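In the UniProt record's numbering, the protein residues as written are 1 to 189.
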C-alpha cells in the first residue's frame, strides 16, 4: 500500500508515492453499520523535500481542534478522491473534487431513511451537494475552510452513500474530530 501525495493526476511526475509503514485500525469498526470507518496510516518519510518547504505550514492540512469539533449545518466543504466518475465507471487517474454542505442528522435520516443513515452518536455525519463520492473514493478527504482562516481542516473521511450522485441523497462521512481521542497525534498531518 502507498500514499499518493501532491498531485491532481496519478500520472503526474511530481506525485510522491510513499510506502505505508504502519496501520492502526479501530477494534470497534462495524462493517455492517460502518461505525468506526477510519484508520490511521503512517507513511515513510519522503526522499525529497518536495511535499512542503521546511517550516512552512501554510499548505498543511490541519486536524480539528477544540473550537472546530462538529460539522456545522450548512458549512461549505469539499470532498476529493480518485474514485469513479459514475456508478459503473472505471477508477479515475485524475483527482475529482466537489463542494458539499453538512446536514443535521435528523434531516439526513429523513432523506436516507433510518436503516441507511448513520446511527445517532456514531461519529458519522451526512453532507449533500451537486457533487458526490463514488466507488473508489472511500477514505478520501472531506475538508472545510472556516473564515477568517485560509487553512483547510480535515473534518471527515468519505465512508459510504447510496449510488453515486443520486439526486437528493446525501453521502455519509466519518467525523475526524470524534475519533481523534483514539489516535494521539499532533495538530497537523
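All residues carry an ideal CB built from backbone N, CA and C; glycine is no exception. Quick caveat: nothing in here was measured; it's all calculated off a predicted structure.
Classified as buried, residue 124 has 16 or more neighbouring CB atoms from the shown chains inside 10 Å of its CB. Residue 133 is positioned such that its CB atom lies closer than 8 Å to that of residue 140. Within the region 92-178, the complete alpha helix (DSSP H) segments of 4 residues or longer fall at 105-112, listed in chain order.
Using a Cβ distance threshold of 8 Å, residue 176 and residue 154 count as a contacting pair. Segment contact: the region 112-126 against the region 32-46, three or more CB-CB distances shorter than 8 Å; contact assigned. The beta carbon of residue 26 is closer than 8 Å to those of 36, 38, 39, 179 and 182 in its chain, skipping five residues each way along the sequence. Per DSSP, the unbroken beta strand (DSSP E) holding residue 40 starts and ends at 39-43. If you draw a straight line from the Cα of residue 146 to the Cα of residue 64, it comes to about 11 Å.
Between residue 2 and residue 19, the C-beta spacing is below 8 Å. In the DSSP secondary-structure assignment, residue 63 is not bridged to any residue.
Residue 104 and residue 126 have their C-alpha atoms spaced approximately 7 Å apart. Of 10, 28, 77 and 97, the smallest CA-CA separation from residue 144 is found for 77. Taking every protein chain shown into account, the CB of residue 170 has 16 or more other CB atoms within 10 angstroms, so this residue is buried. Secondary structure at residue 180: helix, using DSSP grouped into helix, strand and coil.
When secondary structure is reduced to three states using DSSP, residue 19 falls in the strand class.
By the neighbour-count criterion, in which a residue is buried when 16 or more other Cβ atoms sit within 10 angstroms of its Cβ, residue 102 is buried. Contact between residue 131 and residue 159 is ruled out by a C-beta separation of about 16 Å, above the 8 Å threshold.
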